[in-house]
Structure formats: structure tokens, C-alpha cells
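From first to last, the protein sequence lines stand for chains A and Y. For the first sequence, the numbering used here gives the first residue as 29, with consecutive numbering after it. For the second sequence, the numbering used here gives the first residue as 29, with consecutive numbering after it. Every residue gets a Cβ at the ideal spot worked out from N, C-alpha and C, and that includes glycine.
Number of protein chains: 2
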Amino acid sequence: MSVVAAKGFRATGVWAAIKGSGKPDLTLIVSDRPASAAGIFSANRFRGTDVELDVARLRATRGRASAIVATSGYANTMTGAAGRRDALAIGRAAARCLHVPEREVLVSSTGAIGFRLPVSRIVRSLGKAARSLAATKEAGVAAARGIMTTDTHPKLAEATFTDRGAVCTVGGIAKGVGMVAPHMATVLVYITTDAPVAPGPLHKSLVAACGDTLNAITVDGQMSTNDTVIVLANGAAMRRPLSGPGLAKFAAALHDVCAALARQLVADGEGATRLIRVTVTGALNAREAALAARAVADSALVKTMFYGRQANWGRIAQALGACGARFDPLRVTVRVGGYPAIRGGLLVKPRFELYSRLAEAEVPVAIDLGGGRARASVLTCDLTERYVRINAGYLS
Amino acid sequence: MSVVAAKGFRATGVWAAIKGSGKPDLTLIVSDRPASAAGIFSANRFRGTDVELDVARLRATRGRASAIVATSGYANTMTGAAGRRDALAIGRAAARCLHVPEREVLVSSTGAIGFRLPVSRIVRSLGKAARSLAATKEAGVAAARGIMTTDTHPKLAEATFTDRGAVCTVGGIAKGVGMVAPHMATVLVYITTDAPVAPGPLHKSLVAACGDTLNAITVDGQMSTNDTVIVLANGAAMRRPLSGPGLAKFAAALHDVCAALARQLVADGEGATRLIRVTVTGALNAREAALAARAVADSALVKTMFYGRQANWGRIAQALGACGARFDPLRVTVRVGGYPAIRGGLLVKPRFELYSRLAEAEVPVAIDLGGGRARASVLTCDLTERYVRINAGYLS
Numbered sequence: 029m030s031v032v033a034a035k036g037f038r039a040t041g042v043w044a045a046i047k048g049s050g051k052p053d054l055t056l057i058v059s060d061r062p063a064s065a066a067g068i069f070s071a072n073r074f075r076g077t078d079v080e081l082d083v084a085r086l087r088a089t090r091g092r093a094s095a096i097v098a099t100s101g102y103a104n105t106m107t108g109a110a111g112r113r114d115a116l117a118i119g120r121a122a123a124r125c126l127h128v129p130e131r132e133v134l135v136s137s138t139g140a141i142g143f144r145l146p147v148s149r150i151v152r153s154l155g156k157a158a159r160s161l162a163a164t165k166e167a168g169v170a171a172a173r174g175i176m177t178t179d180t181h182p183k184l185a186e187a188t189f190t191d192r193g194a195v196c197t198v199g200g201i202a203k204g205v206g207m208v209a210p211h212m213a214t215v216l217v218y219i220t221t222d223a224p225v226a227p228g229p230l231h232k233s234l235v236a237a238c239g240d241t242l243n244a245i246t247v248d249g250q251m252s253t254n255d256t257v258i259v260l261a262n263g264a265a266m267r268r269p270l271s272g273p274g275l276a277k278f279a280a281a282l283h284d285v286c287a288a289l290a291r292q293l294v295a296d297g298e299g300a301t302r303l304i305r306v307t308v309t310g311a312l313n314a315r316e317a318a319l320a321a322r323a324v325a326d327s328a329l330v331k332t333m334f335y336g337r338q339a340n341w342g343r344i345a346q347a348l349g350a351c352g353a354r355f356d357p358l359r360v361t362v363r364v365g366g367y368p369a370i371r372g373g374l375l376v377k378p379r380f381e382l383y384s385r386l387a388e389a390e391v392p393v394a395i396d397l398g399g400g401r402a403r404a405s406v407l408t409c410d411l412t413e414r415y416v417r418i419n420a421g422y423l424s
Numbered sequence: 029m030s031v032v033a034a035k036g037f038r039a040t041g042v043w044a045a046i047k048g049s050g051k052p053d054l055t056l057i058v059s060d061r062p063a064s065a066a067g068i069f070s071a072n073r074f075r076g077t078d079v080e081l082d083v084a085r086l087r088a089t090r091g092r093a094s095a096i097v098a099t100s101g102y103a104n105t106m107t108g109a110a111g112r113r114d115a116l117a118i119g120r121a122a123a124r125c126l127h128v129p130e131r132e133v134l135v136s137s138t139g140a141i142g143f144r145l146p147v148s149r150i151v152r153s154l155g156k157a158a159r160s161l162a163a164t165k166e167a168g169v170a171a172a173r174g175i176m177t178t179d180t181h182p183k184l185a186e187a188t189f190t191d192r193g194a195v196c197t198v199g200g201i202a203k204g205v206g207m208v209a210p211h212m213a214t215v216l217v218y219i220t221t222d223a224p225v226a227p228g229p230l231h232k233s234l235v236a237a238c239g240d241t242l243n244a245i246t247v248d249g250q251m252s253t254n255d256t257v258i259v260l261a262n263g264a265a266m267r268r269p270l271s272g273p274g275l276a277k278f279a280a281a282l283h284d285v286c287a288a289l290a291r292q293l294v295a296d297g298e299g300a301t302r303l304i305r306v307t308v309t310g311a312l313n314a315r316e317a318a319l320a321a322r323a324v325a326d327s328a329l330v331k332t333m334f335y336g337r338q339a340n341w342g343r344i345a346q347a348l349g350a351c352g353a354r355f356d357p358l359r360v361t362v363r364v365g366g367y368p369a370i371r372g373g374l375l376v377k378p379r380f381e382l383y384s385r386l387a388e389a390e391v392p393v394a395i396d397l398g399g400g401r402a403r404a405s406v407l408t409c410d411l412t413e414r415y416v417r418i419n420a421g422y423l424s
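Have a look at this one:
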């Protein structure tokens with residue numbers, strides 16, 4: 029059900045002839061009333077035109093939006109003043125079709141950087157898209173498909189909670205799956221909820237929910253220019269705003285949705301065959317814990333090792349030793365798939381049972397640096413020939 | 029001629045049954061008199077036992093050494109007290125065979141981390157190795173072969189200069205070619221010279237020579253635990269120590285040898301098909317210039333783009349924008365292969381001629397951040413399926 033699971037939201041995904049393949053490339057998400065809105069966006073210095081526009085609109089409206097238009101095929105990034113006009117034109121056309129104020133429309137795009145969007149084709153398709161808006165399961169999946177690039181399947185998640193007798197729903201869609209890294213990992217996540225949450229607490233809940241989910245994943249250590257997570261809360265489920273305990277339940281549901289989408293994003297990472305959950309404990313501070321977890325999660329040698337199901341634990345040590353975090357090598361303990369891998373600065377000889385564990389869909393790597401009390405966790409995937417082929421253009 | 033090009037040095041490479049393949053795995057380099065010695069070593073916290081031993085010996089002798097014993101197949105790293113005894117035993121056996129003081133023997137090893145060396149086989153082979161020491165071209169090549177792991181060919185370089193009528197030679201060997209990255213890039217480089225240089229200036233010249241050569245290359249962004257560059261200067265070419273101008277000529281020759289070896293290391297990077305020279309100018313300071321150059325040079329998306337000969341310049345922008353260096357995106361200029369790629373924050377449409385340029389063996393990427401006056405340069409290679417296959421163990 030994804031973004032249409034919550035009351036008062038409709039969505040669609042159609043083909044606007046941006047992609048040559050005929051696959052959906054235009055997604056619309058609309059609330060039947062103005063919604064509280066919050067977003068987290070790419071920290072890349074070359075961030076997209078659409079990202080800049082959305083940041084400005086959320087500021088101008090103080091966190092209010094009614095619709096999201098997202099296209100896939102080209103990212104409207106490094107397109108200058110012309111690209112800015114394109115984004116405005118698409119937003120304006122969507123506002124007209126949907127009968128909402130222009131500034132309540134958020135615009136996103138994803139795909140190859142530096143090319144102009146085919147604006148007239150997009151504008152022409154918006155009418156068709158508006159007419160196909162629905163709250164059905166099919167419409168939710170179509171919306172998820174409309175933002176896909178190298179994703180092999182649509183990514184959907186939802187969670188519900190009850191507050192003072194009313195059932196509230198949080199649902200979302202996401203796309204990856206290359207250029208996925210730290211600091212607002214991956215392009216385009218949209219979440220809707222019918223819970224009544226004001227823009228302030230909505231933004232706070234979103235930042236909290238992303239910290240160990242969408243901001244703690246990596247496919248290739250490359251921060252996209254268009255990373256966007258937006259949540260819309262239209263309050264259709266109940267009249268009065270959420271109370272303290274209700275807000276906590278909302279935050280938990282939002283976190284669940286972000287975690288589910290984050291997991292799906294990494295699992296569908298370009299060329300990935302398995303997930304690796306890297307957890308670091310015993311670091312001197314949070315910054316160094318994150319540094320160590322990311323160094324292991326982004327290491328090409330660690331990632332190819334897991335692809336090959338090898339027990340070459342020295343590569344984990346190598347990545348830790350080079351990352352800049354302070355620790356005593358003799359106090360480091362590493363467990364892989366639940367089995368001891370490094371202890372007291374020495375490799376532990378791998379047991380036979382370990383190899384079948386390495387073949388599983390998700391392998392946990394638990395690292396204790398033996399120093400302080402700080403911890404961090406990053407979800408990553410293996411590195412395969414397919415990632416190379418996809419990004420060398422040999423598959424497109 | 030490599031490490032035997034300079035007068036008074038002999039070398040060899042033999043099979044000590046460390047590698048199952050029967051290929052050379054034991055290298056000896058010997059000076060016929062005690063030589064000034066300097067080294068630069070891995071900064072990895074898990075650095076090798078041999079590295080620790082060499083650092084201690086160079087300190088104890090105040091920069092004096094007569095021989096280097098290097099083995100390939102296993103890195104004596106994360107092997108604890110037993111590994112320390114192994115390194116001492118190998119050094120002691122070499123000292124006995126070569127009739128030099130034990131503390132004048134430097135020991136190195138490279139290969140898989142965390143496994144004990146077959147010490148008795150190595151010790152038994154040292155006599156044979158000592159008897160085969162020679163100053164012939166073949167012996168120089170054998171020495172370079174004895175330290176190879178996934179290298180596809182031996183790496184040799186030399187340079188000469190004349191000071192007060194005497195010809196001095198600097199020659200070296202190196203091995204790579206995975207786990208190659210910043211901060212003393214790659215395992216094992218040995219350089220010999222017959223120039224008379226005291227340990228102090230020798231170390232200073234080595235640090236200067238490595239700054240923009242062996243310390244400015246990357247294959248996979250992974251800092252090895254055993255990176256070692258050692259230079260021995262035995263003064264066999266002339267009596268009096270080098271004068272100021274002579275020292276400058278020596279520094280230039282040493283730099284040439286380091287640059288040639290660095291280039292060979294990256295060109296033979298695991299799976300590499302071409303070199304990419306990333307140069308950053310216009311940065312606010314040297315740290316940010318290096319940060320930007322390394323971010324581009326280590327980007328999986330940039331590296332696969334060059335493998336696929338694609339003009340997807342947005343990936344260069346993405347890597348720059350995420351690296352932490354401060355700049356105004358609208359002032360950034362990038363040229364690839366001599367052709368404009370990014371100008372004024374916009375992608376420049378690639379010309380047809382560019383594509384044949386992308387097929388060449390080395391492609392320059394010149395980035396100007398349009399801010400300050402600092403610059404940096406990093407040599408990298410493309411990322412191919414073969415890198416993945418090598419490191420997933422599917423080729424070994």
C-alpha cells in the first residue's frame with residue numbers, strides 16, 4: 029500500500045517518455061488536504077536544483093505541502109538557471125492539475141546528472157497522471173515504480189499505531205540503488221501518514237528516524253546530489269494533534285518504515301548478493317565509532333571478501349587500522365556471523381560451520397574496539413562484478 | 029637492473045616453498061658494505077610485525093643496514109609473539125649466511141594477513157639464496173619477482189646522475205597491487221644507491237620523493253598493514269659525501285625512481301585497464317586539495333566510468349561535492365583528457381573526439397576548484413570486474 033496506506037493520500041506512477049524503455053518515470057503523491065511536511069536532503073555541494081527548490085519551499089511554507097512530483101531518468105542537477113526554470117514549470121503544471129497552491133508542490137528527480145529534463149513531455153503527462161491518482165494497492169506500487177532507476181524492484185513499507193482509539197498509518201516508498209552513501213543515504217524516499225503531527229515535531233521525528241536507518245547505509249560510499257527524504261502528515265486519521273505518548277508511537281512507526289526501506293535499499297544495492305550489518309562498539313566517541321563502521325562497510329576488500337564468502341579477516345583489521353579511530357589493536361575483538369574472527373590482535377582460525385553462515389542473505393560483523401562506550405552501526409552490501417558492469421555502462 | 033644497478037649491491041629472488049605455485053617468494057638484497065638506510069612505513073594501526081622490527085632496527089642503528097630479506101605469500105601481521113619470533117629467526121639466519129650483524133638486516137613480508145610464515149623452509153632456503161646473489165640484470169629481475177603477489181609483472185626503475193665527475197645510480201623494485209592507498213601507498217619498495225648519503229639527508233630525500241609519488245597513488249583506497257619503502261645508500265660510487273648540489277641531484281634521481289615505480293604500481297593495479305591522473309588546483313589549502321583529489325581517485329563511480337569509457341561527468345562532481353573540501357560549485361572547472369567537462373557548475377557536452385581519448389592508457393582529469401592556490405595530484409586506475417574476481421578469490 030506504501031504511500032497510499034494512510035488516509036487521505038492518493039498516488040500514481042505513469043510513463044512520461046523520459047525513459048526510453050517505456051517504464052514508469054513520473055510519480056505523483058497527493059494529500060486531499062494541506063499536510064505538515066518535513067524533509068532531509070543531500071549535503072553534497074553539487075546538490076540538485078529540485079533539492080534547492082524543495083528546501084526553499086519547506087522554509088517558505090513553514091513545513092506545509094500537498095503534493096510531490098518526482099521523475100526518474102535524469103537528475104535535474106548541474107543544469108543551471110535553465111534547470112531551475114524546468115523545476116518551476118513542472119511544479120506549476122502539477123499545481124494547476126491538482127488545484128493546489130504552487131508552493132505546496134515539492135519536486136524531485138533522479139537519474140543521470142547534468143542533462144535537462146524533457147519538460148514539455150512531463151507537463152503533458154501530468155494531466156493523465158492526475159486523472160489516474162488512486163488509493164489502491166496498485167497505485168501505491170506504481171508510485172514506487174515511477175521513481176526507480178537501477179532498482180530491480182519497487183521498495184515499499186508501512187507501519188500502524190493506535191492513539192486514543194484512532195488507527196494511524198505511516199507508509200513509504202524509496203528508490204536506490206547506486207551512489208548510495210553516508211549523510212542522507214540514497215535518492216528519494218517519500219513517506220506519508222494520516223497522523224496529525226505539526227511540522228516541528230515531524231521534522232524532529234524524521235531526523236531521529238533516519239539517524240540509524242537511512243543515514244546509516246552504504247552501497248558504494250558515494251553521496252548522491254539528489255538525496256531526498258520527505259514525510260507528509262495530513263492528520264486525516266483523527267482530529268486532535270498527537271499527544272506526547274502518541275507522538276512517541278508515531279516516531280516509532282516512522283522509524284520502522286525508515287528502517288524497512290533502508291534495508292530494502294541496501295539489499296537491492298547495485299549488483300549486491302548479500303547484506304552485511306557492521307556494528308562497532310567500544311569506541312572512544314560516537315564520531316570514531318561511525319568512522320570505524322563506515323571504513324569497514326565501504327572497504328572494497330571487505331565487500332569483495334563477503335561476495336567470495338572468504339574468511340580473510342585481515343581485511344577487516346586493515347580497514348579498521350587505517351580509519352583514524354583510536355584503539356589498541358591487541359584489545360580488538362571481531363565476530364563474523366556469530367563466530368570469533370579476531371581476538372587479542374590475532375586472527376581466529378575459521379570453523380567449518382562458518383562458511384555456510386557466510387552464504388546467508390545477511391551476515392553480521394560485530395566489532396568491539398575495546399576502548400570506550402560509543403557505538404555505531406552501518407548496513408552495507410557486497411561488491412560484485414555486476415556493480416562494475418552496471419556502472420561501466422555495459423548493461424544499459 | 030633495478031636494485032643491483034648501483035655499485036656494491038647484489039640481489040636474488042628464489043623459491044622458498046612459501047607459495048604453492050613454485051614462483052619466487054624470497055628476495056635478498058645485500059650491500060657489500062654497511063649502507064645508510066631510511067624507510068617509510070605503513071601508518072595502519074594493525075601494522076605488520078616486520079614493519080615494527082624494521083622501525084626499531086633503523087632507530088637502534090641510527091639508519092644503517094646491510095641487507096633486506098623479503099618474502100611473499102603471507103604477511104607477518106596479526107601473528108602476535110610467535111610472528112615476532114619468526115621475524116627475528118629469519119633475520120638472524122640471513123645475518124649468519126651473509127656475515128653481517130643481525131641488527132643490520134631488515135625483514136619484510138607481504139601476502140595474506142594473519143598466517144604464520146613457514147620459517148624453517150625460509151631459513152633453509154636462505155643459504156641457497158645467499159649463494160645465488162649477483163649483480164646481473166637477471167638477479168635484479170629475480171629480486172623484483174620474489175616480492176610479487178597479484179602483480180602481473182616485476183616493477184623496476186633506475187636513474188643516474190653525476191656529481192664531481194662520479195656517476196651515481198639509484199635503482200629500485202616494487203610490488204603492489206591490491207590494498208594500495210594513501211599514506212605510504214603499497215607494500216614493499218626497495219631502492220639502492222651507490223651515492224654517499226648520510227642517514228639524515230637520506231630520510232629527508234625519501235620523504236620528499238614519496239610525497240607526490242608513492243604516497244599519492246591509490247588502487248582501492250585500502251591502506252596496507254605492511255607498506256614499506258626502504259632506501260639503502262652504500263657510497264660505493266665515490267669517497268666524499270654528496271655536496272649540496274650533489275644532494276639535490278640525488279634527490280631528483282630518487283624522486284624519478286619513486287615516480288616510475290608508483291606509476292608501474294598503479295598501471296598494474298588489480299584488474300586495471302588504464303591510469304587516471306587526478307590533479308586538483310585552486311583549493312583553499314593543501315589538506316582540502318588532497319581530500320578532493322583522493323575523493324575523485326577513490327570513487328567507485330568515477331573508476332567504473334573510466335573503465336566503461338563514459339562521459340558521465342556528474343560522477344566527478346558528486347565525488348567533489350561530498351568530500352568536505354570547501355568551494356563554490358559555480359566556479360569549478362574540470363577538464364578530462366584535455367577536453368572541457370564541467371564549467372560554471374554545468375556539464376559540457378562531450379565532443380566526439382573525446383571518446384578515443386578515453387580509450388588511451390592514461391587519462392588526465394584536471395580539476396580547478398576556483399578558490400585558493402593549493403594543489404594536489406593522485407594517480408589511480410579504473411575499477412573492473414577483474415578487481416572483484418581477484419579479491420573475491422575467484423581467480424586464486
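Give me the residue from the options with the minimum Cα distance to residue i.
| i | options | result |
| --- | --- | --- |
| ALA45/Y | ALA157/Y, VAL58/Y, ALA93/Y and ASN243/Y | ALA157/Y |
| PRO129/A | ILE96/A, ILE141/A, ARG159/A and SER137/A | ILE96/A |
| ARG75/A | LEU358/Y, GLU413/Y and PRO392/Y | LEU358/Y |
| VAL58/A | ASP78/A, LYS51/A and ALA123/A | ALA123/A |
| GLN292/Y | PHE143/Y, PHE278/Y, ASP179/Y and TYR415/Y | ASP179/Y |
| VAL135/Y | ASP78/Y, VAL169/Y, ILE370/Y and GLY342/Y | ASP78/Y |
| LYS51/A | GLY174/A, PRO62/A and SER160/A | GLY174/A |
| ARG429/Y | GLY365/Y, HIS231/Y and ALA353/Y | Nothing can be reported for residue 429/Y, as the shown portion of chain Y is limited to 29 through 424. |
| THR221/A | ILE245/A, LEU275/A, THR256/A and GLY239/A | LEU275/A |
| GLY372/A | ALA314/A, PHE143/A and VAL360/A | VAL360/A |
| ARG22/Y | ASN104/A, ASP356/A, ASN340/A and CYS125/A | Coverage of chain Y is limited to positions 29 through 424, which leaves residue 22/Y absent and any answer about it impossible. |
| ARG149/Y | LEU81/Y, GLY67/Y and LYS47/Y | LYS47/Y |
| ILE258/A | GLY193/A, LEU329/A, ASP240/A and LEU216/A | LEU216/A |
On the DSSP bridge assignment, give the partners of residue i in chain order.
| i | result |
| --- | --- |
| ILE57/Y | ALA39/Y and ILE96/Y |
| CYS196/A | PHE189/A |
| PHE69/Y | THR256/Y |
| ASP396/A | THR309/A and THR361/A |
| GLU390/Y | LEU303/Y |
| CYS409/A | LEU303/A |
| LYS183/A | ALA202/A |
Just confirm the distance between the C-beta atoms of residue i and residue j, as a whole number of angstroms; I'd bet it's less than 8 Å.
| i | j | result |
| --- | --- | --- |
| ARG131/A | PRO227/A | With a Cβ gap of about 14 Å, ARG131/A and PRO227/A do not count as contacting. |
| GLU186/Y | VAL285/Y | 6 Å |
| LEU154/Y | ALA172/Y | At roughly 19 Å, the Cβ-Cβ gap does not stay under 8 Å, so LEU154/Y and ALA172/Y are not in contact. |
| PRO392/Y | ARG337/Y | Rounded, the Cβ-Cβ distance is 15 Å, inconsistent with contact. |
| ALA237/A | LEU282/A | 5 Å |
| THR496/A | SER100/A | Residue 496/A lies beyond the stretch modelled for chain A, which goes from 29 to 424, so this question has no answer here. |
| LYS277/A | ASP191/A | 6 Å |
| VAL32/A | GLY168/A | 4 Å |
| LEU374/Y | GLY342/Y | Contact doesn't hold; Cβ gap of about 11 Å is too wide. |
| PRO62/Y | SER94/Y | 5 Å |
**OP:** May I ask you to list, following chain order, the residues of the stretch 146-170 of chain Y that have a beta carbon less than 8 Å from some beta carbon of chain A?
**Re:** none
Original post:
Quick one, which residues of the stretch 409-424 of chain Y are near chain A if we go by CB-CB under 9 Å, in chain order?
Top reply: ASP410, LEU411, THR412, GLU413, ARG414, TYR415, VAL416, ARG417, ILE418, ASN419, ALA420, GLY421 and TYR422
**OP:** Can you give me, in chain order, the residues of the stretch 61-75 of chain Y that have a beta carbon less than 8 Å from any beta carbon in chain A?
**Re:** ALA71, ASN72, ARG73, PHE74 and ARG75
Original post:
Quick one: any contact between the stretch 407-423 of chain A and the stretch 160-167 of chain Y, if contact means 3 or more CB pairs under 8 Å?
Top reply: no
Original post:
Which residues, in chain order, does the stretch 280-313 of chain Y contribute to contact with chain A at a C-beta distance below 7 Å?
Top reply: none
Original post:
Of the residues that make up the stretch 334-350 of chain A, which ones have a beta carbon closer than 9 Å to any beta carbon in chain Y?
Top reply: PHE334, TYR335, GLY336, ARG337, GLN338, ASN340, TRP341, GLY342, ARG343, ALA345, GLN346, ALA347, LEU348, GLY349 and ALA350
Subject >> Against chain A: residues of the stretch 230-251 of chain Y by CB proximity under 8 Å >> reply: ASP248, GLY249, GLN250 and MET251
Original post:
Which residues, taken in chain order from the stretch 129-143 of chain Y, show a beta carbon closer than 7 Å to some beta carbon of chain A?
Top reply: ALA140, ILE141 and GLY142
Subject >> Residues from the stretch 96-110 of chain Y in contact with chain A, defined by Cβ distance under 8 Å >> reply: ALA103, THR105, MET106, THR107 and GLY108
Subject >> Sufficient close CB pairs (3 or more, under 8 Å) joining the stretch 262-269 of chain A to the stretch 343-350 of chain Y >> reply: no
**OP:** Return the residues of the stretch 362-379 of chain A that lie within a Cβ-Cβ distance of less than 8 Å from chain Y, sorted by chain order.
**Re:** ILE370, GLY372, GLY373, LEU374 and LEU375
**OP:** Pull out every residue of the stretch 381-399 of chain Y whose Cβ sits closer than 9 Å to any Cβ of chain A, in chain order.
**Re:** none
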